[in-house]
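A.B. asks: Residue numbers (the working numbering): 3 to 449.
No residue lacks a Cβ here, since even glycine has one placed at the ideal position from N, Cα and C.
Bear in mind that the values here come from a model prediction, so they are computed numbers and not experimental data.
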Ligand code: CAO
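1. Given a threshold of 16 other Cβ atoms within 10 Å of its Cβ, counted over all protein chains shown, does residue 20 qualify as buried or as exposed?
2. Should residue 66 be labelled buried (16 or more other beta-carbon atoms within 10 Å of its own) or exposed?
3. With the cut-off set at 8 Å, would you say residue 389 and residue 364 are in Cβ contact?
4. Helix or strand or just coil, what does DSSP make of residue 326?
5. Please classify residue 272: is it buried, with 16 or more other beta-carbons within 10 angstroms of its beta-carbon, or exposed?
6. Does residue 240 come out as helix, strand or coil in the three-state DSSP assignment?
7. Could you check if residue 325 belongs to the surroundings of ligand 1, using beta carbon to heavy atom distance under 7 Å?
8. Residue 1 by DSSP, collapsed to three states: which one?
9. Quick check: does the Cβ of residue 336 come within less than 7 Å of any heavy atom belonging to ligand 1?
10. Take the Cβ of residue 183 as the centre, count every other Cβ of all protein chains shown within 10 Å, and call the residue buried at 16 or more, exposed below.
11. Can you tell me where the beta strand (DSSP E) holding residue 367 begins and where it ends?
12. Return the chain-ordered list of same chain residues with a C-beta closer than 6 Å to the C-beta of residue 351, the five sequence neighbours on each side being excluded.
13. Would you identify the three-state DSSP class for residue 245, choosing helix, strand or coil?
14. Does the segment 386–403 touch the segment 295–305, meaning 3 or more C-beta pairs lie closer than 8 Å?
15. Around the C-beta of residue 169, are 16 or more other C-beta atoms found within 10 angstroms, so that it is buried, or is it exposed?
16. Hey, is residue 226 close to ligand 1, as in C-beta under 7 Å from one of its heavy atoms?
17. Counting C-beta neighbours from all protein chains within 10 Å, is the total for residue 254 16 or more, i.e. buried, or is it exposed?
18. From which residue to which residue does the alpha helix (DSSP H) around residue 348 run?
19. At a threshold of 7 Å, does residue 343 count as lining ligand 1 (C-beta to nearest heavy atom)?
20. Put residue 35 into one of helix, strand or coil per three-state DSSP.
21. Please report the distance separating the alpha-carbon of residue 313 from that of residue 211.
22. Is residue 446 helix, strand or coil by DSSP?
23. Using the beta-carbon count (16 or more within 10 Å), is residue 377 buried or exposed?
24. Quick check on this structure: which residue in 219, 404, 413, 7 has the alpha carbon closest to the alpha carbon of residue 441?
25. When you compare only the Cα positions, how much space is there between residue 443 and residue 397?
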């Protein structure tokens with residue numbers, strides 16, 4: 003028999019007594035590590051609690067409509083032998099592990115996961131002995147209008163697998179929530195011709211060729227990380243479903259760099275770096291204020307824009323497990339030093355896999371900076387339901403003609419991808435130019 007572990011409700015933010023809206027497994031089920039067990043729903047978001055290890059569910063301690071809080075036991079799992087080492091790790095990560103005589107019953111918490119949405123990358127490897135899997139980029143449910151399709155992540159995933167747009171599905175559960183049966187009923191009605199397939203164009207792409215690479219040389223198989231798998235699905239969706247155009251521009255940051263370097267020590271004394279990114283956050287806030295269309299989301303009818311009056315900026319952070327996009331809130335109310343401190347804290351949390359679901363929700367606009375690495379331009383993928391994202395490449399000295407002579411100037415490449423359904427090319431060019439001018443005229447920015 004494997005090791006028995008109690009699976010508890012993880013830290014789900016400031017919520018208590020959260021209803022269980024779906025129980026996705028039954029006693030006796032064999033589950034994979036990371037497989038979702040139950041779905042919880044607070045006022046603001048829907049979250050799944052995954053299994054920390056592979057094994058067999060020997061006891062289910064919650065049922066539909068129960069309410070739970072952090073630390074409550076959801077189920078007891080008998081970890082498969084191959085996963086015993088992981089079970090040890092999972093048990094260690096539980097704060098109230100209570101060892102008992104054979105079989106050992108221990109507690110374990112996995113961070114809840116919510117549906118993903120972002121174009122992004124990943125956190126540093128978990129510390130030895132830790133089985134915490136970080137939250138993944140996700141649809142910021144709190145940013146969606148109230149009449150958005152109401153369904154849990156598992157149902158959204160199920161619908162996605164079948165190519166069903168939940169906007170077309172009528173929910174039969176309490177409050178109009180869409181359940182699995184609603185999706186299957188919808189699919190059956192489309193297949194029988196009783197319901198139109200919402201007039202949608204389906205992508206009928208041929209599968210990639212299947213190649214046995216070992217015929218050509220030595221190979222090794224490496225599984226994608228959980229974050230890569232989840233964010234990959236959303237990157238793919240965003241790339242295919244949003245008509246992207248990327249507007250490139252260059253900002254002359256020669257003077258801004260002098261100012262930044264003059265203030266570098268002040269930041270260093272406080273334990274963080276002052277990089278060009280915080281100036282870009284401030285410039286983005288100014289541009290979002292001037293062009294409110296960029297601080298918007300299309301509602302699910304695609305006939306209205308939800309204009310946001312707050313300025314929460316998502317920052318793409320590269321981590322060993324993949325891309326994540328923590329959100330810095332109220333950037334209009336913070337100065338560049340506060341932003342630099344928060345950026346340093348958030349990116350460290352991301353790399354340590356310690357972001358909470360709430361840390362990656364509620365963004366209005368994202369910035370993906372590859373400036374510390376290199377490149378001259380790239381096409382960032384929009385982080386739906388946002389409508390634009392700024393890509394930043396590495397600044398370099400370039401000759402700039404002033405009408406009489408070439409001068410060496412420090413130029414920063416900006417790549418603004420925008421959703422062409424919402425934003426036209428002229429607006430995008432104005433937005434990008436405004437961003438560049440703000441950096442050029444940084445003394446007039448609200449730093
Ligand atoms: N041009 C030139 N130098 C730049 C620069 C730019 N545009 N941006 C940053 N730098 C410099 C910094 O000043 C810093 O210099 P020092 O080491 O001399 O102080 C160095 O490059 C490294 O910066 P950084 O990466 O540590 O800090 P940051 O604030 O620029 O970025 C973060 C923070 C978290 C965004 C970044 O570390 C990161 O993860 N970037 C990757 C994002 C990504 O993967 N995007 C792709 C998404 S699509 O798959």
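C.D. replies: Quick answer:
1. Walking along the chain shown from the start, residue 20 turns up at place 18. The residue in question, residue 20, is buried, as its Cβ has 16 or more Cβ neighbours within 10 Å.
2. Residue numbering aside, residue 66 sits at position 64 when the chain shown is read from its first letter. That one is exposed.
3. Locating residue 389 in the chain shown gives position 387, counting from the first residue. Locating residue 364 in the chain shown gives position 362, counting from the first residue. Cβ distance not < 8 Å, so residue 389 and residue 364 don't count as in contact.
4. Counting from 1 along the chain shown, the entry for residue 326 is found at position 324. It is a strand residue.
5. Translated into the one-based positions of the chain shown, residue 272 becomes position 270. Exposed: under 16 other Cβ atoms inside 10 Å.
6. As a working mapping, residue 240 is identified with position 238 in the chain shown. The answer is helix: DSSP assigns residue 240 an H, G or I state.
7. Locating residue 325 in the chain shown gives position 323, where the first residue counts as 1. Within the cutoff, so yes.
8. There is simply no residue 1 to check, as the chain begins at 3 and stops at 449 in what is shown.
9. Within the chain shown, numbered from 1, the residue matching residue 336 stands at position 334. Residue 336: no, Cβ never under 7 Å from ligand 1.
10. Here the question's residue 183 lines up with position 181 in the chain shown. By the 10 Å Cβ count, residue 183 comes out exposed.
11. Against the chain shown, residue 367 aligns to sequence position 365. Taken as a continuous stretch (DSSP letters only), the beta strand (DSSP E) holding residue 367 covers 367–371.
12. Your numbering for residue 351 matches position 349 in the chain shown. Answer for residue 351: 357, listed in chain order.
13. Here residue 245 refers to the residue found at position 243 when the chain shown is read from its first residue. Of the three classes helix, strand and coil, the one that applies to residue 245 here is coil, per DSSP.
14. In short, these stretches touch, since the Cβ pair count reaches three.
15. Your numbering for residue 169 matches position 167 in the chain shown. Counting Cβ neighbours within 10 Å, residue 169 comes out exposed, since fewer than 16 surround it.
16. Here residue 226 corresponds to residue number 224 of the chain shown, with the count starting at 1. Result no, Cβ not under 7 Å from ligand 1.
17. Position 252 of the chain shown, counted from the first residue, corresponds to residue 254. So residue 254 counts as buried.
18. To locate residue 348, count along the chain shown from 1; it is residue 346. First-last of the alpha helix (DSSP H) with residue 348: 338–353.
19. What you label residue 343 is simply residue 341 of the chain shown in a count that begins at 1. Residue 343: no, Cβ never under 7 Å from ligand 1.
20. As a working mapping, residue 35 is identified with position 33 in the chain shown. Judged by DSSP in its simplified three-state form, residue 35 adopts coil rather than helix or strand.
21. Stepping through the chain shown from its first residue, residue 313 is reached at position 311. Stepping through the chain shown from its first residue, residue 211 is reached at position 209. Spanning the two alpha carbons is a distance of roughly 45 Å.
22. Here residue 446 is taken as the residue at index 444 of the chain shown, counted from 1. Helix, per DSSP.
23. Looking up residue 377 in the chain shown gives position 375. With fewer than 16 Cβ atoms within 10 Å of its Cβ, residue 377 is classed as exposed.
24. In the chain shown, counting from the first residue as 1, residue 441 sits at position 439. Out of 219, 404, 413, 7, 413 has the C-alpha closest to the C-alpha of residue 441.
25. Indexing the chain shown from 1 puts residue 443 at position 441. Indexing the chain shown from 1 puts residue 397 at position 395. Using only the alpha carbons, I get a separation of about 17 Å.
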